[in-house]
Amino acid sequence: MKALERHEVDRIRELTLQGKMAREVADEVHVSIATVRNWRKRLGLDISAIRKDLRAQGKLETRCNDAYHPPGESPCWDCIHAVPDMQGHGCPWTIGAMFRDVPGWTVRRCRREGKEAVQILHCPMFERG
Ligand code: SF4
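Given below as structure tokens:
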């Protein structure tokens, strides 16, 4: 691991406590993402727990881009539109289980065991539920 100056470590801690993603921290401190992750570990900073606390306090945006989703997980799990109801919740993907594309979303499609699988990378309709 690259040796860092004290102020760089402090900045990693500060940005992490603000809930910044590793890439954002790496860009600001001018180190690699791996270095940010290593230092977070050394400092005992759990970004998932930090972001969860910040969200609970309403200090983190609820946009899809800002919501932390571990790689491979769908934002739908945290989205209010995952379960359609009579209060206006639901989206083209979930209403009537029609699985229609959401306008403007970004997905990765692949085939798994002969079936098409869709991984949602960004959804403009995402709202934290
Ligand atoms: S709005 Fe987007 S993130 Fe939310 S349930 Fe529908 S597809 Fe998933």
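Under our numbering, think of the first position of the sequence shown as 3, with each following residue one higher.
We put the beta carbon where it would ideally sit given N, CA and C, even for glycine.
Here the structure is a predicted model, which is why all the values come from computation and not from measurement.
May I ask whether a heavy atom of the ligand SF4 can be found less than 7 Å away from the beta carbon of residue i?
| i | result |
| --- | --- |
| residue 41 | no |
| residue 108 | no |
| residue 112 | no |
| residue 105 | no |
| residue 127 | yes |
| residue 122 | yes |
| residue 86 | no |
| residue 9 | no |
| residue 83 | yes |
| residue 96 | yes |
Is the Cβ-Cβ distance between residue i and residue j less than 8 Å?
| i | j | result |
| --- | --- | --- |
| residue 124 | residue 107 | yes |
| residue 10 | residue 31 | yes |
| residue 2 | residue 129 | With the chain covering 3 to 131 only, the question about residue 2 has no answer from this structure. |
| residue 25 | residue 45 | no |
| residue 131 | residue 99 | no |
| residue 47 | residue 53 | no |
| residue 87 | residue 94 | no |
| residue 35 | residue 42 | no |
Can you check DSSP and say which residues form a bridge with residue i?
| i | result |
| --- | --- |
| residue 124 | 108 |
| residue 113 | 118 |
| residue 81 | 130 |
| query | If you pair each beta-carbon of the stretch 5–21 with each one of the stretch 38–57, do three or more pairs fall below 8 Å? | reply | yes
| Stretch pair the stretch 74–83 + the stretch 113–128: three plus CB contacts closer than 8 Å | Judged by Cβ distances under 8 Å, the stretch 74–83 makes contact with the stretch 113–128, as three or more pairs qualify.
| Length-filtered (4 minimum) alpha helix (DSSP H) runs lying within the stretch 11–36 | 24–31
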